[in-house]
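Take the position in the sequence shown, starting the count at 1, then add 21; the result is the number in my numbering.
What follows is a short report on a single structure.
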Amino acid sequence: MSGSWLYQSLINNVYIPHFHTYGEKAYNSFINCAVAKKSFLWAYKNVTPIEELNESDKKELKLYVIGLFPNKTPAEKIESCKIIHTLGCLL
Numbered sequence: 022m023s024g025s026w027l028y029q030s031l032i033n034n035v036y037i038p039h040f041h042t043y044g045e046k047a048y049n050s051f052i053n054c055a056v057a058k059k060s061f062l063w064a065y066k067n068v069t070p071i072e073e074l075n076e077s078d079k080k081e082l083k084l085y086v087i088g089l090f091p092n093k094t095p096a097e098k099i100e101s102c103k104i105i106h107t108l109g110c111l112l
């Protein structure tokens, strides 16, 4: 079982309302919670990939994530970009 129905349900019924309540403060919980991270990374495959954004948007996202999470590894920063981008596309 792929879990897609579960991920979609969590995004729609838990994570998006959580974001509407807490705003950018919610990013930390989405990025550090394994289930939330899996849910958003699953949903990422259904949105426009970051690679297809214009250069200024990619740079803005990269700098934003570096500012929010300076101590994350490069791989964690890439995942964080994907999670934040996915949430932005779904709102």
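Note that the Cβ used here is the ideal one computed from N, Cα and C, for glycine as well.
In this text, all values refer to a predicted model and were calculated from it rather than measured experimentally.
For residue j and residue i, the rounded distance between their alpha carbons
i    : j   : result
T42  : Q29 : 19 Å
W63  : S25 : 8 Å
L112 : I37 : 7 Å
K83  : S77 : 10 Å
A57  : Y48 : 10 Å
N34  : N92 : 30 Å
E81  : K98 : 13 Å
Cβ-based burial, residue i [other Cβ within 10 Å; buried from 16]
i   : result
A96 : exposed
M22 : Reliability fails at M22, whose pLDDT of 43 lies under 50, so the model's placement of it is uncertain and the value that follows must be treated cautiously. By the 10 Å Cβ count, M22 comes out exposed.
A55 : exposed
CB of residue i within 8 Å of CB of residue j, strictly
i    : j    : result
F40  : T107 : no
C102 : I52  : no
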